[in-house]
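Visitor:
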Amino acid sequence: MKTILNTPYSFKNLELKNRIVMPPMCQYSVTKEDGTPTDWHYVHYASRAVGGTGLIIVEMTNVEPNGRISANCLGLWDDAQIPAYKRLVDGIHDNGSKAAIQIAHAGRKATHIETPVSASETPVEEPTKFGPVRHPRALSTEEAEEMIIKYQETARRAVEAGFDTIEIHGAHGYLIHQFHSPGINKRDDKYGQDLALFGVEVIKAVKAVIPDDMPLLFRISAREYMDGGYGIDHALEMGRRYKEAGVDIFDISTGGEAPPGQDKPGNYPGYQVSFARRFKEELDVPVIAVGILDEPAVAEMTLQDNSADLVAVGRGMLNDPYWAIHAVKALRDDVEVPKQYERGIR
1 MKTILNTPYS FKNLELKNRI VMPPMCQYSV TKEDGTPTDW HYVHYASRAV
51 GGTGLIIVEM TNVEPNGRIS ANCLGLWDDA QIPAYKRLVD GIHDNGSKAA
101 IQIAHAGRKA THIETPVSAS ETPVEEPTKF GPVRHPRALS TEEAEEMIIK
151 YQETARRAVE AGFDTIEIHG AHGYLIHQFH SPGINKRDDK YGQDLALFGV
201 EVIKAVKAVI PDDMPLLFRI SAREYMDGGY GIDHALEMGR RYKEAGVDIF
251 DISTGGEAPP GQDKPGNYPG YQVSFARRFK EELDVPVIAV GILDEPAVAE
301 MTLQDNSADL VAVGRGMLND PYWAIHAVKA LRDDVEVPKQ YERGIR
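Residue numbers for the sequence shown, in UniProt numbering: 1 to 346.
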């Protein structure tokens, strides 16, 4: 039986051998606190390429040192870091997968500095695993404009490192999300009067330095779970603006902005797929679905019913670097196995 999961997918110059995506998942494994990938990162990503994944998105990679969640997170704010990322890309390519990178700024969720920055002074409401609540300061208009250039420069470096595509992180309560969230953004300048503007300007700045035929991905939280948080209609409006600015493919998640209020996120297979379907249908764009898609049949059905174009499996790939191979085999489709492992994967 031929599965959709195991069929190729292409958009612009991005050609994937299957519909399986490894989403960005922080490793907190930078050892010198300089943001540069280590041998751990190389082995981590190359092994998932050996495991048959079509697209591997390198974890949240930050545009400045103070934009990291922790001091052990990745960054790409200096040209001197490019060779280490090129090594990651080469390891992914050499083992048959395509490489993406997620560029971001943690904003008020940065925990290794005393006073992080944000759209406004609205703090996160509870301590994180990295430490106590931090009370952010609002970026000035000029600082916000300078931050946009930092996203652009990080994108330029990612292109130089050889990445096949770039994902801008606008979800999970990080800086762009903080700007487009009505519950967090309390500004009165142009970035408060137009909640999409900061994200739009980041997108346009990134588009200016990537090849014309390179697709641009954008991760967005389709709803918030804090009391009074935005819902899917607001997310779709932000998405329309972002599409007009140049986003090609949306990576649809939810939440992450604050502790959940009365409404809680789901905890069942495919709980976020309906949000991906709304984006796909209403914005007429390709989408990546996420959210407990570890069971191969669930991932396949998400594609079969046209809810998404690609499926991302996060925790499943932390558990099993060869998830893609095992999933395709479980669905009784033909799958290529590295010759070195043919004796073990039958």
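C-beta: ideal position from N, C-alpha, C; glycine also.
Quantities reported herein were computed from a predicted structural model and do not represent experimental measurements.
Taking 9 Å as the cut-off, decide whether the C-beta atoms of residue 45 and residue 99 are in contact.
Guide: Here the question's residue 45 lines up with position 45 in the sequence shown. Here the question's residue 99 lines up with position 99 in the sequence shown. Contact: yes.
Visitor: Taking Cβ positions, are residue 287 and residue 309 nearer each other than 9 Å?
Guide: As a position in the sequence shown, residue 287 is number 287, starting the count at 1. As a position in the sequence shown, residue 309 is number 309, starting the count at 1. Their beta carbons are under 9 Å apart, which means residue 287 touches residue 309 by this criterion.
Visitor: Below 8 Å on the Cβ atoms is my guess for residue 252 versus residue 289; work out the distance and round it to an integer in Å.
Guide: In the sequence shown, the residue the question calls residue 252 occupies position 252. In the sequence shown, the residue the question calls residue 289 occupies position 289. 6 Å between Cβ atoms; contact.
Visitor: Could you give the distance in angstroms between the alpha-carbon of residue 165 and the alpha-carbon of residue 271?
Guide: Within the sequence shown, the letter at position 165 stands for residue 165. Within the sequence shown, the letter at position 271 stands for residue 271. About 27 Å.
Visitor: Give me the Cα-Cα distance between residue 73 and residue 202, rounded to the nearest whole angstrom.
Guide: Indexing the sequence shown from 1 puts residue 73 at position 73. Indexing the sequence shown from 1 puts residue 202 at position 202. One C-alpha to the other measures close to 21 Å.
Visitor: Can you find at least 3 beta carbon pairs, one from the segment 267-284 and one from the segment 13-22, that sit closer than 8 Å?
Guide: Output reads no: the segment 13-22 does not touch the segment 267-284.
Visitor: Could you check how far apart the C-beta atoms of residue 218 and residue 148 are, in whole angstroms? I think they sit under 8 Å.
Guide: Here residue 218 corresponds to residue number 218 of the sequence shown, with the count starting at 1. Here residue 148 corresponds to residue number 148 of the sequence shown, with the count starting at 1. Rounded, the Cβ-Cβ distance is 15 Å, inconsistent with contact.
Visitor: What residue range does the beta strand (DSSP E) around residue 98 cover?
Guide: Working through the sequence shown from its first residue, we reach residue 98 at position 98. Unbroken beta strand (DSSP E) run through residue 98: 98-104.
Visitor: Would you call the CB atoms of residue 81 and residue 157 closer than 9 Å?
Guide: Along the sequence shown, read from residue 1 onward, the residue named residue 81 stands at position 81. Along the sequence shown, read from residue 1 onward, the residue named residue 157 stands at position 157. Contact flag set, yes.
Visitor: Using the C-alpha atoms, what's the distance from residue 142 back to residue 199?
Guide: Numbered from 1 along the sequence shown, position 199 holds the residue referred to as residue 199. Numbered from 1 along the sequence shown, position 142 holds the residue referred to as residue 142. For residue 199 and residue 142, the distance between alpha carbons rounds to 15 Å.
Visitor: Measure the alpha-carbon distance for residue 214 versus residue 13 and round it to whole angstroms.
Guide: Translated into positions along the sequence shown, residue 214 becomes position 214. Translated into positions along the sequence shown, residue 13 becomes position 13. Using only the alpha carbons, I get a separation of about 6 Å.
Visitor: Just to check my reading of the structure: residue 135 and residue 111 have Cβ atoms closer than 8 Å, yes? What is that Cβ distance to the nearest angstrom?
Guide: Translated into the one-based positions of the sequence shown, residue 135 becomes position 135. Translated into the one-based positions of the sequence shown, residue 111 becomes position 111. Not confirmed; about 12 Å, so no contact.
Visitor: Rounding to the nearest angstrom, what Cα-Cα distance links residue 138 and residue 335 in this structure?
Guide: Within the sequence shown, the letter at position 138 stands for residue 138. Within the sequence shown, the letter at position 335 stands for residue 335. Cα-Cα distance, rounded: 51 Å.
Visitor: Which residues in the same chain as residue 183 place their Cβ atom closer than 6 Å to its Cβ, once the five residues preceding and following it in sequence are excluded?
Guide: On the sequence shown, position 183 is the one that residue 183 refers to. For residue 183, where only same-chain residues beyond five positions count, the Cβ hits under 6 Å are 228 and 229.
Visitor: Out of 121, 178, 197 and 58, point me to the one whose CA is closest to residue 106's CA.
Guide: Here residue 106 refers to the residue found at position 106 when the sequence shown is read from its first residue. The shortest Cα separation from residue 106 among 121, 178, 197 and 58 belongs to 178.
Visitor: Just to confirm, are residue 176 and residue 235 a CB contact at a threshold of 9 Å?
Guide: Translated into positions along the sequence shown, residue 176 becomes position 176. Translated into positions along the sequence shown, residue 235 becomes position 235. Contact: no.
Visitor: Where do the ends of the beta strand (DSSP E) carrying residue 302 lie?
Guide: Working through the sequence shown from its first residue, we reach residue 302 at position 302. Run containing residue 302: none in the beta strand (DSSP E); it sits in the alpha helix (DSSP H), 296-304.
Visitor: Comparing C-alpha positions only, which one of 339, 346, 210 and 296 sits nearest to residue 324?
Guide: As a position in the sequence shown, residue 324 is number 324, starting the count at 1. Comparing Cα-Cα distances from residue 324 to each of 339, 346, 210 and 296, the minimum goes to 296.
Visitor: Less than 6 Å between C-beta atoms, sequence neighbours within five positions excluded: which residues of the same chain meet that for residue 52?
Guide: Along the sequence shown, one-based indexing puts residue 52 at 52. Cβ within range, chain order: 324 and 325.
Visitor: How many angstroms separate the CA atom of residue 209 from the CA atom of residue 119?
Guide: Sequence index remark: in the sequence shown, residue 209 carries index 209 (1-based). Sequence index remark: in the sequence shown, residue 119 carries index 119 (1-based). In a straight line, the C-alpha of residue 209 is about 25 Å away from that of residue 119.
Visitor: Assign residue 341 to one of two classes, buried (16 or more other C-beta atoms within 10 Å of its C-beta) or exposed (fewer than that).
Guide: Position 341 of the sequence shown, counted from the first residue, corresponds to residue 341. So residue 341 counts as exposed.
Visitor: Out of 21, 58, 75 and 6, which has the shortest C-alpha to C-alpha gap to residue 33?
Guide: Against the sequence shown, residue 33 aligns to sequence position 33. The candidate whose alpha carbon is nearest that of residue 33 is 75.
Visitor: For residue 347 and residue 303, what's the separation of their Cα atoms in angstroms?
Guide: An answer regarding residue 347 cannot be provided, because it is not within the stretch 1 to 346 covered by the chain.
Visitor: Could you give the distance in angstroms between the alpha-carbon of residue 237 and the alpha-carbon of residue 337?
Guide: By 1-based counting over the sequence shown, the position of residue 237 is 237. By 1-based counting over the sequence shown, the position of residue 337 is 337. Going from the Cα of residue 237 to the Cα of residue 337 covers about 43 Å.
Visitor: Rounded to a whole number of angstroms, what is the C-alpha to C-alpha distance between residue 239 and residue 216?
Guide: Taking the sequence shown and counting its residues from 1, one reaches residue 239 at position 239. Taking the sequence shown and counting its residues from 1, one reaches residue 216 at position 216. Computed Cα separation, rounded: 13 Å.
Visitor: The beta strand (DSSP E) with residue 170 in it runs from where to where?
Guide: The count along the sequence shown starts at 1 and reaches residue 170 at position 170. Unbroken beta strand (DSSP E) run through residue 170: 165-170.
Visitor: Can you have a look at residue 154 and say buried or exposed, based on whether 16 or more other CB atoms are within 10 angstroms of its CB?
Guide: As a first step, residue 154 must be located in the sequence shown, where it is residue number 154. Buried is the call here.
Visitor: Taking residue 347 as the reference, which of 226, 221 and 317 has the closest Cα?
Guide: There is simply no residue 347 to check, as the chain begins at 1 and stops at 346 in what is shown.
Visitor: The alpha helix (DSSP H) with residue 282 in it runs from where to where?
Guide: Counted from its first residue, the sequence shown places residue 282 at position 282. From DSSP, the alpha helix (DSSP H) with residue 282 extends over 273-283.
Visitor: Distance check for residue 77 and residue 225, CA to CA, integer angstroms please.
Guide: What you label residue 225 is simply residue 225 of the sequence shown in a count that begins at 1. What you label residue 77 is simply residue 77 of the sequence shown in a count that begins at 1. Their Cα atoms are separated by approximately 32 Å.
Visitor: State the Cα-Cα distance for the pair residue 159 and residue 193, rounded to the nearest angstrom.
Guide: Numbered from its first residue, the sequence shown carries residue 159 at position 159. Numbered from its first residue, the sequence shown carries residue 193 at position 193. Roughly 33 Å separates the two Cα atoms.
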